[in-house]
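Asks:
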Amino acid sequence: MVNRVVLNNQIHRDVRIAATRPTRENAEVNAVSVIPREFPRLLAHYPIFYTKNMETGRFEPSALLGFQPQENLFFVDGRWDAAYVPLQIQRQPFSLITRRAEDTEGKPPTLDVALDLSQTVQSQEGERLFLEDGQPTKFLQGITSMLSALVAGTKETYAFTGRLAELSLIEPVQIDIEFVNGSETKLQGLYWIAAAALKALPAAQLAELRDREFLEWMYFQMASISHVSDLVARKNRLLSGVSAPRRPEVRDAGAG
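Just so you know, this note's numbering puts the end of the sequence shown at 283, numbered straight through with nothing missing.
1. How about I62 and L177: are their beta carbons less than 8 Å apart?
2. Under a Cβ-count criterion, where at least 16 other Cβ atoms within 10 Å of its own Cβ denotes burial, should K262 be classed as buried or exposed?
3. If you draw a straight line from the C-alpha of G93 to the C-alpha of D104, how long is it?
4. To test your reading of the DSSP string, which unbroken alpha helix (DSSP H) runs of 4 or more residues are found completely within the segment 66-113?
5. In three-state terms, what does DSSP make of T181?
6. With a CB to CB cut of under 6 Å and the five nearest residues on each side skipped, what residues in its chain are close to V200?
7. Look up S60 in the DSSP assignment and say whether it is helix, strand or coil.
8. Measuring alpha carbon to alpha carbon, tell me which residue in L225, D257, R106 is nearest I197.
9. Let's see if you can read the secondary structure: which residues bound the beta strand (DSSP E) around D139?
10. What do you get for R68, buried or exposed, if any count of 16 or more other CB atoms within 10 angstroms of its CB means buried?
11. Let me check one thing: in DSSP terms, what residues is F121 bridge-paired to?
12. Give the secondary structure of T248 by DSSP, where H, G and I count as helix, E and B as strand, and everything else as coil.
13. Verify whether the separation of the beta carbon atoms of I44 and R118 is less than 8 Å.
14. Are the CB atoms of F166 and R40 within a distance shorter than 8 Å?
15. Taking the alpha-carbon positions, what's the E183 to L233 distance?
16. Could you give the residue range of the beta strand (DSSP E) that holds R31?
17. In whole angstroms, what separates the C-alpha of S122 from that of I116?
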């Protein structure tokens with residue numbers, strides 16, 4: 028059960044994070060929300076699609092990690108089997124929560140860094156959060172920077188996908204897959220770039236997308252689709268009981 032508390036440099040001065048890598052608690056997902064500035068690093072490993080938020084109707088990019096609920100084919104034997112880990116996984120067990128205040132009308136909400144105490148947290152080993160004088164450690168500063176990048180990235184995401192939707196550049200896709208054991212699955216509820224609509228765009232709108240970096244992000248996402256076959260290969264190895272060579276563990280934090 029999630030036990031999220033706002034970090035306090037007095038209460039949590041001696042708290043350490045025992046695990047600074049993905050854990051089973053936060054890695055068992057078959058897709059993870061990503062931000063466009065991650066695309067260059069995600070492109071090396073993951074297929075990226077768009078999904079529609081059922082509450083807001085807005086499109087959000089997601090990296091596909093598996094085919095069944097809670098199936099993460101990149102989390103193998105307790106380790107992440109790719110050189111880049113998406114920020115939404117990296118930032119665990121930390122998050123941002125809105126600070127409660129009496130007078131916030133007309134002002135942007137103040138966000139506090141929170142820690143989920145239900146995950147691997149202890150006071151004997153691992154990374155400290157605060158120095159003896161109560162100042163944040165470099166580790167915590169890095170976490171705060173990552174969370175800030177996600178906040179800024181979410182704003183960019185909705186500007187990006189909102190403009191694509193206005194130009195009818197996002198379309199639904201269904202992908203039928205057959206695995207090595209004869210079982211089948213259908214990838215549904217996913218969207219990608221409408222290539223025909225993109226090709227038909229007037230030069231002025233193409234220039235706008237280019238100038239806002241949106242065109243580059245679109246091409247990154249389109250190129251990432253080739254990794255669906257890699258994901259199928261991962262699943263087939265699992266079904267066949269064949270172990271793939273393990274990648275060396277490389278930590279690559281940040282979205283650039």
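Don't be surprised by glycine CBs; every beta carbon is placed ideally from N, CA and C. Keep in mind it's a predicted model, so treat the numbers as computed, not measured.
Replies: The structure says:
1. As a working note, residue 62 is residue 35 in the sequence shown. As a working note, residue 177 is residue 150 in the sequence shown. With respect to L177, I62 sits close: the two C-beta atoms are nearer than 8 Å.
2. Numbered from its first residue, the sequence shown carries residue 262 at position 235. Result: buried.
3. The residue you call residue 93 lines up with position 66 of the sequence shown. The residue you call residue 104 lines up with position 77 of the sequence shown. For G93 and D104, the distance between alpha carbons rounds to 15 Å.
4. DSSP runs (the alpha helix (DSSP H)) wholly in the segment 66-113: 66-69.
5. Taking the first residue of the sequence shown as position 1, residue 181 is located at position 154. In the structure shown, T181 falls within a helical segment according to DSSP collapsed to helix, strand and coil.
6. Numbered from its first residue, the sequence shown carries residue 200 at position 173. If you ignore the 5 residues before and after V200, its C-beta comes within less than 6 Å of the C-beta of L217, W219, all in its own chain and listed in chain order.
7. If you number the sequence shown from 1, residue 60 lands on position 33. It is a strand residue.
8. Stepping through the sequence shown from its first residue, residue 197 is reached at position 170. With distances taken between CA atoms, I197 lies nearest to L225 out of L225, D257, R106.
9. The sequence position of residue 139 within the sequence shown is 112, counting from 1. Residues 138-143.
10. By 1-based counting over the sequence shown, the position of residue 68 is 41. Flag for R68 reads buried.
11. On the sequence shown, position 94 is the one that residue 121 refers to. L142, per the DSSP bridge assignment.
12. As a first step, residue 248 must be located in the sequence shown, where it is residue number 221. Per the sequence shown, residue 248 should be read as Gln rather than Thr. It is helical.
13. For the purposes of this step, residue 44 is taken as residue 17 along the sequence shown, with counting starting at 1. For the purposes of this step, residue 118 is taken as residue 91 along the sequence shown, with counting starting at 1. Taking 8 Å as the cut-off, the Cβ atoms of I44 and R118 do not count as close.
14. Taking the first residue of the sequence shown as 1, we reach residue 40 at position 13. Taking the first residue of the sequence shown as 1, we reach residue 166 at position 139. No.
15. Start at 1 with the first residue of the sequence shown, and residue 183 comes out as number 156. Start at 1 with the first residue of the sequence shown, and residue 233 comes out as number 206. A straight-line Cα-Cα distance of about 18 Å links E183 and L233.
16. One-based indexing of the sequence shown puts residue 31 at position 4. Per DSSP, the continuous beta strand (DSSP E) segment holding R31 begins and ends at 31-33.
17. Looking up residue 122 in the sequence shown gives position 95. Looking up residue 116 in the sequence shown gives position 89. Distance between the alpha carbons of S122 and I116 is about 11 Å.
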